[in-house]
Each structure stands twice: as C-alpha cells, then as structure tokens.
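For reference, the structure is listed below as structure tokens.
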Amino acid sequence: MNIIQGILVLLVAGIAGVGSVLDEGQTHRPLVACTLVGLILGNLNMGIILGGTLEMMALGWMNVGLAMAPDTALASIVSTLLVINTHANIGEGIAIAVPLAAAGQALTIFVRTIVVFFVHKGDDFAKKGNYRAIEWMHVISMGLQALRVMVPTAIVMMISTSAVEAGLKAIPTVITGGLQIAGGIIVVVGYAMVINMMDVPHLKPFFYLGFLFAAFTNFNLVGFGGLGLIFALLYIQLKYNNNNGNNHHSSGTSEKLATASASNGDDDLDDDLDD
Amino acid sequence: MDNAIANTDTKKTLTKSDLRHMYVRSWFLLGSFNFERAQNMGYCFVMIPAIKRFYAPGKERNEALERHMEWFNTHPWLTAPIFGVTSAMEEEKANGGKVDGTAIAAMKIGLMGPLAGVGDPLLWGTARPVLAALGAGIAKTGSILGPLLFFVLINAIRLSIKWYLLKYGYQKGSEIISDMAGDRIKKLTEGASIMGLFVMGALVSKWTTINIPIVATRISGKTQTIQNILDTVLPGALALVLTLFVSWLLKKGVSPLTIIFGIFALGIIGKWLGFLG
Chain A
31 MNIIQGILVL LVAGIAGVGS VLDEGQTHRP LVACTLVGLI LGNLNMGIIL
81 GGTLEMMALG WMNVGLAMAP DTALASIVST LLVINTHANI GEGIAIAVPL
131 AAAGQALTIF VRTIVVFFVH KGDDFAKKGN YRAIEWMHVI SMGLQALRVM
181 VPTAIVMMIS TSAVEAGLKA IPTVITGGLQ IAGGIIVVVG YAMVINMMDV
231 PHLKPFFYLG FLFAAFTNFN LVGFGGLGLI FALLYIQLKY NNNNGNNHHS
281 SGTSEKLATA SASNGDDDLD DDLDD
Chain B
4 MDNAIANTDT KKTLTKSDLR HMYVRSWFLL GSFNFERAQN MGYCFVMIPA
54 IKRFYAPGKE RNEALERHME WFNTHPWLTA PIFGVTSAME EEKANGGKVD
104 GTAIAAMKIG LMGPLAGVGD PLLWGTARPV LAALGAGIAK TGSILGPLLF
154 FVLINAIRLS IKWYLLKYGY QKGSEIISDM AGDRIKKLTE GASIMGLFVM
204 GALVSKWTTI NIPIVATRIS GKTQTIQNIL DTVLPGALAL VLTLFVSWLL
254 KKGVSPLTII FGIFALGIIG KWLGFLG
C-alpha cells in the first residue's frame, strides 16, 4: 500500500464515517464502503464479495428513533483493509468486522455525546442571530463523525501488516469456519429487528404468507416485492372500501375523506398510493 | 409589529434557489445528531436559507433560529415535507399572517411521528433491505453490478422523494395539516407494513443459510441428513423458528449485539461438534 492509497482509504473512511450518522447516501453500508476500499487497494473483487457478505449480515441494522445500530462504517473499512493487505479469507474478514462494529458503535455513542456541547454553543449563537456560527457548529460536529472512523483506520494502517497477519493466522479454523456458518444465520437478527418495528398483530399473517410463498416457489425478490404490493393494495381496498358505503368508517371523523372515498374507490386508492 | 411587515407591498416568498439550498442542506440534516436533542441543530441548519429570506436581522430572526433549535427527530428522508410545511408557515408569519411560533413548533412535532411511522417501515424496513439484499446477492458472485445497483437505486429513491416532498410541503403549506390528519397516512403505513412483512417473510426463508449435516438415515447407500428431511417438510423452517425467537428476545430487551455474539458462539460450537456445516 502506497501513500496515495493510504490517503484515499482515509478519505473513504471519513466519507463513510459521516455517512453512518447522516444515513443519506448509504456510503457507510458494507456493500458500498468495502467495494470502495477494495477498488483503492487494487482488489476490487475481494471488496465486493466481502461487502456483499457483510451487507447480508447488516441487512436490518438501522437507526430508528434514538436507538443506534452497530457501526458498519468502521467495520467495513478496517475489515476490508486487513483482509486485502494480509490476504485473509472472507471468514477471517467477518471475524474482524463484528468486534469492529461493536467498537464503532461505542465510538459513535461517544461522539453523539460530545456534540451536545456544540449544540449548546449553537443555542447561544441563535440568541445573537449569528446563523453563520450555527452552521459552523453543525459542520464541526459532522467533522467529528468523520474522524471517528478516520483515526482508528489510520492506527490500523500504521501497525505493520505482518503483525496483523500473524494475529489473524493464530485464529484456528474452527473459529473462522464457525463464524462463517454464523454469518449465514445471523441475518435473522436483522429480520427480527425489522419485524419487531412493524409489529402490528393483525398484519403479522402477511409475514407468514411471505415465508410460505418463498418456501415453496422460486420467485426472486422483485417477484416478492410485486406480490407484497398487490397484497397491500387488496387489503387496503377490502378494508377501507367495504365500510365506506354504509358510512361505518372505522375512523369516520374526517368528513372530507368520507366524501372523497364515496365517489370512486379505485381512483381514490390510486391517489392515496401516489401521494 | 407583524402588521408593519404586512403593510409593505412585497410579499416575502422563497425563491427556487432558496429551496435548492434547503434541499442540499437537508442531505446533511443528521450531521450534528446528538443524544440531547437529536436532529435539532441540523433542522436549524436546513432552515437557515428560509429564515434569512423571511426575517431581517433582529429579534424576529433570532427567535426563528431558536425555534428551530428545539428537540426534533424523525426519519431523515421524510423530513422534506416538514421543512416544506414549516417554511410555508414561517412565510405566513413573516408576511403578517396569523401563524405564531408555537403553531410552527407544534406542526413540526405533529408531523414527526406519522412521517417516522411511514418512513421507518417503508424505507428502512422495505426499500433498503430489499435493494441491499438484491445487491448483496449479486455482489457475492463478485460482480460490481451488486454494489452499483444498490447505490444508484437507493439514492435515486432518496433524491427524488426528498425534492418532491420538499416542494409539495412548501406549496401545500398549512393545507397539508388536514391532509395528514385523515386516513391516508394510516393506509400508507398499513400498506407499507404489509409489503415489508411479506418481503421479510420471504427473506427469512430464502436468504438464511442453516445446514445441519448430521446423517439421519442411510438406506441402500443413500444418505439423508437431518437438513434434507427438514427441507422436504418445510424449507426454511429452522430460520423461521430462529427469527421468531430472536424477535422475542429483542422484545425482552436483549441487546442485538448480545444476540449476534450468541449466534457466533453457536456457529463456532456447531462447527466444533459438527452439528452445523
């Protein structure tokens, strides 16, 4: 790894670090971050495959409310860096990524607490009408999130490759093989998180319906998305249109809606879903 | 004081460039996310172009800045309509309308919940996992198409909904309040949940790899493992049981990381004793 590659990796680390707090461009997802590091280090293929593997594990990780998912930014960047530099395999990559995700989460909690200080500064500037200073407080906070991943990455890059390699070689195959098996199973944690988030008891049958369809058919994900959409449309049509005629609308407080939906069921529904 | 502004003939409105600035700023909304007031300073950061347009330097501008430093938290992509609506309200206030600061703050809080309720299942629960699973599936074969597909599609969704909803919110202004109060949000939330749950059910079955290689029967040279037998009855049954168990654990307050480490331990022990492969 030369100097330019090192700088580029740090740059990607910063972008992914900011990305994991912003949750906008998804640069912190393993699929993107691992691929970029692989590209820089000249082993794009490894980056993509490791990214795909880690992405499946992190599928359901999301920041909902104030709850925070394990940090994929640090995990993706550093694990790809180590796997490519030490010619390790995917199993070893997963073995490194998981503790890194936990460490990254701890660092994120730390930074999100420090930012409180800058927000209090922002309050003072708001009182004085100094909007430019508020902008700076915001940008500095964002910079801290970049450093959160850049600094640990730089430290890992400075430790000699052979030391890391020796450390990785010391891991017995039962561990790496076991972790690889666990990698296939661990996706259920993400699924469970998503399911819990959408936990509406009367809609739960749709989950089992999806499961049974998948168990006995060979549709791909686009097929399942389409089927899911059709079920959703049917359910809403049946639920909301049956009641409209008799005005037994479950939440008939809104007169506007009652009159609107009385006119034409199909158009009304289409409008709702277009909105 | 408001009347003084209203009497001047020029009505203050956001220019197209103001909206564009707010749009680009909204990509950085969560930059200062903190445990005390969540997205508060980010919200103020995005509102600054509007506040600058509507209020001259002085007490009113300072109050507007302070107003948008209040606690705020919702789905980051679906803040767009809230920015639109609150700028429409700020506009009305600045032009001497009836809207007061409290109404603007209440509007923010009021829209926060329903929009998070739609955004979390629809975007975090459905769009992203589905696109990511699709991308990751392709990526595992080593094809660059996987990451590209995910990155391009997810950002196309994000960029278009953010721009459209920001404009929609601003144009509709306070009209949107009654719009949101009706059944539409409920329908959208339910529809999104159905789609999300259905796809999740499919993912549990298709994308979980559990293999129990223990040989169960050996009839005339043909071996059958426990996994083979399970698959003939109900493919993915183990994954389903495990998913429901993890869902239950999470509800009991067990941390996801604890569960993840638990599954790692299971994988290693399984490999060591040979009941997983």
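Keeping their order, the protein sequence lines are chains A and B.
First residue of the first sequence? That's 31 in the numbering used here, and the numbers climb one at a time after it.
First residue of the second sequence? That's 4 in the numbering used here, and the numbers climb one at a time after it.
Note that the Cβ used here is the ideal one computed from N, Cα and C, for glycine as well.
It should be emphasised that the depicted structure is a prediction, and the values quoted were computed from it without experimental measurement.
With a threshold of 8 Å between beta-carbons, can residue i be considered close to chain C, or not?
{"i": "ILE107/A", "result": "Considering every chain present, this structure includes no chain C. Its protein chains are A and B."}
Under a Cβ-count criterion, where at least 16 other Cβ atoms within 10 Å of its own Cβ denotes burial, should residue i be classed as buried or exposed?
{"i": "GLU188/A", "result": "As written in the sequence, residue 188/A is Met, which differs from the Glu given in the question. The residue in question, MET188/A, is exposed, as its Cβ has fewer than 16 Cβ neighbours within 10 Å."}
{"i": "ASN277/A", "result": "In this predicted model, ASN277/A has a pLDDT of only 44, less than 50, meaning its place in the structure is not dependable; the value taken from the coordinates is given anyway. When all chains shown are included, ASN277/A counts as exposed."}
{"i": "GLN174/B", "result": "exposed"}
{"i": "ASP123/B", "result": "buried"}
{"i": "ALA67/B", "result": "buried"}
{"i": "LYS62/B", "result": "exposed"}
{"i": "ILE144/A", "result": "exposed"}
{"i": "GLN42/B", "result": "buried"}
{"i": "HIS58/A", "result": "buried"}
{"i": "LYS158/A", "result": "exposed"}
{"i": "PRO231/A", "result": "exposed"}
{"i": "LYS274/B", "result": "buried"}
{"i": "VAL27/B", "result": "exposed"}
{"i": "GLY72/A", "result": "exposed"}
{"i": "SER281/A", "result": "Because SER281/A carries a pLDDT of 42, less than 50, the predicted location of this residue cannot be relied on, and the following value inherits that uncertainty. Result: exposed."}
{"i": "ARG221/B", "result": "exposed"}
{"i": "ASP53/A", "result": "buried"}
{"i": "LYS199/A", "result": "exposed"}
{"i": "GLY270/B", "result": "buried"}
Reducing DSSP to helix, strand and coil, say where residue i ends up.
{"i": "ILE222/B", "result": "strand"}
{"i": "PHE3/B", "result": "As shown, chain B starts at 4 and ends at 280. That puts residue 3/B outside it, with no answer to give."}
{"i": "ASN76/B", "result": "coil"}
{"i": "ALA268/B", "result": "helix"}
{"i": "ALA41/B", "result": "strand"}
{"i": "THR228/B", "result": "strand"}
{"i": "THR116/A", "result": "coil"}
{"i": "LYS62/B", "result": "helix"}
{"i": "MET110/B", "result": "helix"}
{"i": "ALA135/B", "result": "helix"}
{"i": "GLY275/A", "result": "With a pLDDT of only 47 at GLY275/A, under 50, the local geometry of the prediction cannot be trusted, and the value read off the model is given with reservation. If DSSP states are grouped into helix, strand and coil, GLY275/A belongs with coil."}
{"i": "ASP101/A", "result": "coil"}
{"i": "GLN56/A", "result": "coil"}
{"i": "ILE32/A", "result": "In the sequence as displayed, the identity of residue 32/A is Asn instead of Ile. Coil, per DSSP."}
{"i": "THR246/B", "result": "helix"}
{"i": "LYS19/B", "result": "helix"}
{"i": "MET313/A", "result": "Any property of residue 313/A remains undetermined from this structure, which presents chain A solely from 31 to 305."}
{"i": "ILE213/B", "result": "coil"}
{"i": "PRO259/B", "result": "helix"}
{"i": "LYS143/B", "result": "coil"}
{"i": "PHE98/B", "result": "Strictly speaking, residue 98/B in this sequence is Asn, with Phe absent from that position. Here ASN98/B sits in coil by DSSP."}
What separation, rounded to the nearest whole angstrom, lies between the Cα atoms of residue i and residue j?
{"i": "ALA184/A", "j": "LEU242/A", "result": "48 Å"}
{"i": "PHE278/B", "j": "GLN56/A", "result": "37 Å"}
{"i": "PRO259/B", "j": "PRO129/A", "result": "13 Å"}
{"i": "SER177/A", "j": "GLY256/B", "result": "Just to set this straight, residue 177/A is Leu in the shown sequence, not Ser. Approximately 31 Å, taken between the alpha carbons."}
{"i": "LEU156/B", "j": "ILE141/B", "result": "14 Å"}
{"i": "VAL51/A", "j": "LEU118/B", "result": "19 Å"}
{"i": "MET180/A", "j": "PHE237/A", "result": "40 Å"}
{"i": "LEU252/B", "j": "ALA222/A", "result": "9 Å"}
{"i": "VAL269/A", "j": "LEU126/B", "result": "The amino acid at residue 269/A is misidentified as Val; the sequence shows Lys. Each residue's alpha carbon lies about 24 Å from the other."}
{"i": "ARG142/A", "j": "ILE107/B", "result": "27 Å"}
{"i": "VAL217/A", "j": "ALA139/B", "result": "12 Å"}
{"i": "THR283/A", "j": "ILE54/B", "result": "With a pLDDT of only 39 at THR283/A, under the threshold of 50, the placement of this residue in the model should not be trusted; the figure read from the coordinates follows. Rounded to the nearest angstrom, the two C-alpha atoms are 36 Å apart."}
{"i": "TRP166/A", "j": "ASN37/B", "result": "16 Å"}
{"i": "SER208/B", "j": "THR247/A", "result": "11 Å"}
{"i": "GLY149/B", "j": "ALA156/A", "result": "45 Å"}
{"i": "HIS78/B", "j": "SER196/B", "result": "16 Å"}
{"i": "PRO235/A", "j": "ASN98/B", "result": "52 Å"}
{"i": "ALA83/B", "j": "GLY207/A", "result": "46 Å"}
{"i": "SER24/A", "j": "GLY213/A", "result": "Absent from the model: residue 24/A. The displayed extent of chain A is 31 to 305, so no value can be given."}
{"i": "ILE180/B", "j": "ILE112/B", "result": "Note that ILE180/B scores a pLDDT of 44, beneath 50, so its modelled location is shaky and nothing firm can be said."}
{"i": "ILE120/A", "j": "ASP21/B", "result": "48 Å"}
Check each residue of the segment 109-134 of chain A: if its Cβ is closer than 7 Å to any Cβ of chain B, include it; give the result in chain order.
Under the 7 Å Cβ criterion, the segment 109-134 of chain A contributes VAL128 and ALA132.
Looking at chain A, which residues of the segment 86-98 of chain B have a Cβ within less than 9 Å of any of its Cβ atoms?
Under the 9 Å Cβ criterion, the segment 86-98 of chain B contributes no residue.
Taking a cut of 8 Å between CB atoms, which residues from the segment 192-221 of chain A lie near chain B?
For the segment 192-221 of chain A, which is checked against every Cβ of chain B, the residues closer than 8 Å are VAL204, ILE205, GLY207, GLY208, LEU209, GLN210, ILE211, ALA212, GLY213, GLY214, ILE215, ILE216, VAL217, VAL218, VAL219, GLY220 and TYR221.
Quick one, which residues of the segment 163-175 of chain A are near chain B if we go by CB-CB under 8 Å, in chain order?
Taking 8 Å as the Cβ-Cβ cut-off against chain B, the residues of the segment 163-175 of chain A that qualify are ILE164, GLU165, MET167, HIS168, VAL169, SER171, MET172 and GLN175.
What residue ranges within the segment 127-208 of chain A form continuous alpha helix (DSSP H) runs of no fewer than 4 residues, ordered along the chain?
Annotation: the segment 127-208 of chain A contains the following complete segments of the alpha helix (DSSP H) (minimum length 4 residues), in chain order: 161-188 and 191-199.
For the segment 28-50 of chain B, enumerate the residues whose C-beta is nearer than 7 Å to any C-beta of chain A, in chain order.
So the close ones are TRP30, PHE31, LEU33, GLY34, SER35, PHE36, ASN37, PHE38, GLU39, ARG40, ALA41, ASN43, MET44, GLY45, CYS47 and PHE48.
Interfacial residues, the segment 202-232 of chain B to chain A, with Cβ spacing under 7 Å:
Residues passing the 7 Å Cβ filter: VAL202, MET203, GLY204, ALA205, LEU206, VAL207, SER208, LYS209, TRP210, THR211, THR212 and ILE213.
Which full runs of the alpha helix (DSSP H) of 4+ residues lie inside the segment 210-261 of chain A, going along the chain?
Here the runs fully enclosed are 217-227 and 235-246.
Using a Cβ-Cβ cutoff of 7 Å, what residues of the segment 142-154 of chain A are near chain B? List them in chain order.
Here the close residues are ARG142, THR143, VAL145, VAL146, PHE148, VAL149, GLY152 and ASP153.
What are the residues of the segment 72-86 of chain B that lie near chain A, defined by any Cβ-Cβ distance shorter than 8 Å?
Cβ contacts with chain A: MET72, ASN76, PRO79 and TRP80.
Members of the segment 155-168 of chain B that neighbour chain A once the beta carbon cut-off is set at 8 Å
Residues of the segment 155-168 of chain B with a Cβ closer than 8 Å to any Cβ of chain A, in chain order: ILE157, ASN158 and ARG161.
Looking at chain A, which residues of the segment 242-260 of chain B have a Cβ within less than 9 Å of any of its Cβ atoms?
Per Cβ criterion, the list reads ALA242, LEU243, LEU245, THR246, LEU247, PHE248, VAL249, SER250, TRP251, LEU252, LEU253, LYS254, PRO259 and LEU260.
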